[in-house]
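Asks: Okay, handing you the structure first.
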Ligand SMILES: Cc1cc2nc3c(=O)[nH]c(=O)nc-3n(C[C@H](O)[C@H](O)[C@H](O)COP(=O)(O)OP(=O)(O)OC[C@H]3O[C@@H](n4cnc5c(N)ncnc54)[C@H](O)[C@@H]3O)c2cc1C
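In my numbering, the protein residues as written are 2 to 385.
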């Protein structure tokens, strides 16, 4: 049962980090009539390197104002070393005004009663009868703490959660295209080079690695004028554990990113809703145990997206073991009619599992599969 009102107000849910995960969580908590406190080490919202490419599913997850849609794209062209392949999605993808989007979540959370404390860094915390946490400015107690503090999370470190990360550098550059372009192969950085049409005359162009990789890629594309450079890191993991006594993990801090594509915005929106419901139930029942939070948070998201996140991690590991000759084999495989059909029927920007599993069951994929397993025997565990 809830404690007395004054106690509740002082033990409001605390979210560490005001990125897209933290702001989405705060917004959904306010929809559950909770008034979270969000602690952010930076002076304000925004400044995150992100392309903002999401599937149209985002419009089912949140009421998205039109002004935040910079572009819509229906076709992707994948460039392999030995040929190009066009993939047409069933539905168009959306390119967001990414800064505007996190600002929108922040405004909605604030309007719902969330309080944001900027210029304040979480230093450490312990879990006793409550969570006792220390920032640069105060020591405070809360009933439940949500770790949404991104890559290098203080909250994740406490639980020994570790995600490998890969750096990505991107630029808003003068370049005109109306399709998403993906370049596979070591020549174009790691894990791949991408071009996403942002607005007329401007695309977001990025590669794995640092600025020298991107400069090489921009040269290759003939994109000369850069308006803005951005760099960031993407976790590459599967978030096996995300609920502990009085603590939940969210966003990059918990490793909630599709390990292959690096996309997470829609996942964060989905998780925030599940998480906020779990937190509300915890307050209502007075139960903040690992078991209760696991059942109401971890189990729920695993049922919805667990298999896909796992397969994404596997695809990423397969990809990381591939060389130029395997990319060419993959291209040849993708030219077979039944494989093409599986892609056109089952390809989904958010969920790769179904199309991936359909392709690997096809006999034509076995040669490449065997070659990858011989190259990296640990991959076999991921297939079963
Ligand atoms: C280059 C790039 C391109 C991407 N493109 C896409 C894309 O097209 N589509 C897509 O869906 N996803 C994309 N992503 C992934 C997506 O942007 C991230 O996964 C997502 O922004 C993570 O949000 P977050 O809130 O978990 O983390 P962050 O946005 O990093 O927020 C964490 C916040 O916590 C704060 N913080 C950290 N430590 C503390 C502390 N100790 N105390 C207080 N505050 C703290 C930080 O200052 C930060 O504001 C991309 C990522 C990168 C790097």
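Positions of the beta carbon are idealized from the N, C-alpha and C atoms, including for glycine.
#1: Pull up the distance between the alpha-carbon of residue 120 and that of residue 92, whole angstroms please.
#2: Identify the residues that DSSP records as bridge partners of residue 86: which are they?
#3: Taking the alpha carbon of residue 30 as the point to measure from, which residue in 295, 99, 111 has its own alpha carbon closest?
#4: DSSP three-state label for residue 120, please.
#5: For residue 18, which residues from the same chain have a beta carbon less than 6 Å from its beta carbon, with the 5 sequence-adjacent residues on both sides left out?
#6: Could you give the distance in angstroms between the alpha-carbon of residue 375 and the alpha-carbon of residue 79?
#7: Give the range of the beta strand (DSSP E) segment to which residue 171 is assigned.
#8: Bridge partners for residue 96 per DSSP, in chain order?
#9: Roughly how many whole angstroms lie between the Cα atoms of residue 207 and residue 170?
#10: Applying the 10 Å Cβ sphere with the 16-neighbour rule, what's the burial state of residue 287?
#11: Do you know how far the Cα of residue 249 is from the Cα of residue 297?
#12: Does any heavy atom of ligand 1 sit closer than 8 Å to the C-beta of residue 269?
#13: Using only alpha-carbon positions, find the residue among 84, 54, 75, 125 that is nearest to residue 98.
#14: Are residue 199 and residue 318 closer than 9 Å when you measure CB to CB?
#15: Less than 6 Å between C-beta atoms, sequence neighbours within five positions excluded: which residues of the same chain meet that for residue 107?
#16: Can you give the Cα-Cα distance for residue 278 and residue 33, rounded to whole angstroms?
#17: Can you tell me which of the three DSSP states residue 325 falls into?
#18: Drop a sphere of 10 angstroms on the beta-carbon of residue 213, count the other beta-carbons inside from all chains shown, and report buried for 16 or more, exposed for fewer.
#19: Assuming residue 155 is part of the alpha helix (DSSP H), what are its boundary residues?
#20: Mark residue 5 as exposed unless 16 or more other C-beta atoms lie within 10 angstroms of its C-beta, in which case mark it buried.
#21: Within 10 angstroms of the Cβ of residue 140, are there 16 or more other Cβ atoms? Answer buried if so, exposed if not.
#22: Buried or exposed: which applies to residue 378, given that a residue is buried once 16 or more other Cβ atoms fall within 10 Å of its Cβ?
#23: Go through its chain and collect everything with a Cβ distance to residue 83's Cβ below 7 Å, but skip five positions before and after it.
#24: Just list the residues that DSSP pairs residue 148 with in beta bridges.
#25: Thinking C-alpha only, which one of 262, 134, 155, 352 is nearest residue 52?
Replies: Walking through what the data contain:
#1: Each residue's alpha carbon lies about 41 Å from the other.
#2: In DSSP, residue 86 forms a bridge with 79.
#3: It is 111 whose Cα lies nearest to the Cα of residue 30.
#4: Looking at residue 120 - three-state DSSP - the assignment turns out to be coil, as it is neither helix nor strand.
#5: Beyond the five residues adjoining it in sequence on each side, residue 18 comes within less than 6 Å, by CB distance, of 149, 150, 151 in the same chain, given in chain order.
#6: Computed Cα separation, rounded: 26 Å.
#7: Per DSSP, residue 171 belongs to the beta strand (DSSP E) from 165-175.
#8: Looking at the DSSP assignment, residue 96 forms a beta bridge with 54, 72.
#9: Each residue's alpha carbon lies about 6 Å from the other.
#10: By the 10 Å Cβ count, residue 287 comes out exposed.
#11: C-alpha separation (whole angstroms): 11 Å.
#12: Yes, the Cβ of residue 269 comes within 8 Å of a heavy atom of ligand 1.
#13: Closest option to residue 98, Cα to Cα, is 54.
#14: The Cβ atoms of residue 199 and residue 318 lie no closer than 9 Å to each other.
#15: If the five residues before and after residue 107 are omitted, its C-beta is found closer than 6 Å to the C-beta atoms of 24, 46, all from its own chain and listed in chain order.
#16: When rounded, the distance between both Cα atoms is 7 Å.
#17: Of the three classes helix, strand and coil, the one that applies to residue 325 here is helix, per DSSP.
#18: Residue 213 comes out exposed.
#19: Bounds of the alpha helix (DSSP H) holding residue 155 are 155-159.
#20: Confidence at residue 5 is low in this model, with a pLDDT of 41, below 50, so its placement is unreliable and no value can be given for it.
#21: Within a 10 Å sphere around the beta-carbon of residue 140 sit fewer than 16 other beta-carbons, which makes this residue exposed.
#22: Taking all protein chains in view, the Cβ of residue 378 is surrounded by fewer than 16 other Cβ atoms within 10 Å, so the residue is classified as exposed.
#23: The answer, listed in chain order, is 329, 332.
#24: 17, 250.
#25: Closest option to residue 52, Cα to Cα, is 262.
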